[in-house]
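The numbering of the sequence shown is this note's numbering, which starts it at 636 and goes up by one.
Where a beta carbon is used, it is the ideal one built from N, C-alpha and C, also for glycine.
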Amino acid sequence: MLALIVIAHPNPKSLTHGIASQVAKGVSAADEDNTSEIADLAAEGFDPCFTAQDISMANGEIDPIPDIIAEQERISRADALVLVYPIYWWSFPALLKGWIDRVFTNGWAYDDTSSDRLIKKMQHLPVHIVAIAGSDMRTYARHGYFGAMKTQIDHGIFDYCGAPVLTSELLFMSDPDACLKTGKLIGQKIFAPHSVVPKSYNNKGT
Ligand SMILES: Cc1cc2nc3c(=O)[nH]c(=O)nc-3n(C[C@H](O)[C@H](O)[C@H](O)COP(=O)(O)O)c2cc1C
């Protein structure tokens with residue numbers, strides 16, 4: 636089984652990258668036949684800007700754009716999609732948002748061209764979300780930021796496309812060791828039967 640681990644952080648020495656590596660270690664530790672492919676969007680120079688060209692492609696006016704097709708193909712090869720990212724302004728980084736904007740196209744991720752119903756085309760792909768926070772749990776709880784992110788990202792994006800979100804974790808950078816441990820546990824669970832990561836794995840025990 637193959638996990639595609641998408642990282643949206645410009646610094647390879649960041650905690651975010653460290654956690655993503657632990658997720659990958661966990662994937663292969665659980666079963667040596669399991670592997671991971673790392674999609675380091677910053678290092679690869681993925682262009683997150685949705686342009687007029689993207690609209691033309693969506694309208695079928697131009698040939699498919701190579702970088703979009705390449706991203707869709709590597710998602711299609713994967714048995715699970717893992718997103719590891721730092722929280723920027725209570726959401727995910729623009730780099731990752733742009734990746735979704737450009738890659739999760741109408742007709743590929745979903746199809747809403749027919750007026751009577753939405754076709755969800757990613758139902759086969761389990762998603763695991765690992766968000767890293769600089770702020771603390773109390774701040775998230777006080778303002779409802781984590782709930783807001785779940786509504787927008789888990790429900791608004793992945794449920795819209797039919798992809799089941801099996802893990803949605805908020806890790807706090809104030810305890811980096813716990814973040815790294817949790818990352819590995821998440822990786823170990825990705826291809827386990829009924830792979831829902833228990834809430835107790837959250838590094839704040841919630
Ligand atoms: C532009 C920017 C915006 C940020 N916004 C938030 C935020 O809204 N909430 C939060 O908890 N942390 C925020 N942070 C802190 C990052 O989430 C934190 O640096 C990251 O999760 C963990 O560290 P790493 O960069 O070493 O991976 C922000 C950081 C930057 C650079």
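Within a Cβ cutoff of 8 Å, which residues of the same chain sit near residue i, ignoring the five residues on either side of it in sequence?
| i | result |
| --- | --- |
| D747 | N741, L753 and I754 |
| K732 | P683 and S726 |
| D666 | M636 and F826 |
| I710 | L639, L716, V738 and L760 |
| K819 | Q657, V658, K660, G661 and A664 |
| N837 | The pLDDT assigned to N837 is 45, lower than 50, so where the model puts this residue is not dependable, and the model offers no usable value. |
Does ligand 1 have a heavy atom nearer than 8 Å to the CB of residue i?
| i | result |
| --- | --- |
| A678 | no |
| A813 | no |
| P721 | yes |
| H778 | no |
| L730 | no |
| S803 | no |
| S649 | yes |
| M757 | no |
| T786 | no |
| I767 | yes |
| S770 | yes |
| T774 | yes |
| H790 | no |
| N892 | Nothing can be reported for residue 892, as the shown portion of the chain is limited to 636 through 841. |
| W734 | no |
Could you pull out every residue in the same chain whose Cβ sits closer than 7 Å to the Cβ of residue i, ignoring the five residues on either side in sequence?
| i | result |
| --- | --- |
| M808 | L650, I767, A768, G769 and C814 |
| D735 | In the sequence on display, residue 735 carries Ile and not Asp. Taken in chain order, the residues that qualify are I792. |
| K839 | Residue placement at K839 cannot be trusted, given a pLDDT of 43 that sits under 50; the coordinates are not used to answer. |
Given that a residue counts as buried once 16 or more other Cβ atoms are within 10 Å of its Cβ, and exposed if not, what is residue i?
| i | result |
| --- | --- |
| R712 | exposed |
| L639 | buried |
| C684 | exposed |
| P596 | The structure shown has nothing for residue 596, since the chain only spans 636 to 841. |
| T817 | buried |
| G661 | buried |
| P721 | buried |
| I703 | buried |
| I690 | exposed |
| P828 | exposed |
| G680 | exposed |
| G779 | exposed |
| K648 | exposed |
Take residue i and list the residues in its own chain whose beta-carbon comes closer than 6 Å to its own, dropping the five residues that flank it on each side.
| i | result |
| --- | --- |
| H759 | none |
| D599 | The requested residue 599 is not part of the displayed model; the chain covers only 636 to 841. |
| P811 | L650 |
Inset, instruction - Count the C-beta pairs between the region 783 to 792 and the region 666 to 682 that are closer than 8 Å, then say yes if the count reaches three, no if not. - result: no
Legend entry - Three or more C-beta pairs below 8 Å linking the region 677 to 697 and the region 648 to 665: no
Legend entry - Residue ranges of each beta strand (DSSP E) within the region 713 to 761, 3 or longer: 715 to 721
Legend entry - Cβ pair count under 8 Å reaching 3, the region 798 to 805 against the region 756 to 766: yes
Inset, instruction - Let me know the beta strand (DSSP E) ranges lying completely inside the region 664 to 718, each 3 residues or longer, listed in chain order. - result: 670 to 675
Inset, instruction - Ignoring anything shorter than 3 residues or poking outside the region 758 to 786, list the beta strand (DSSP E) runs there in chain order. - result: 762 to 768
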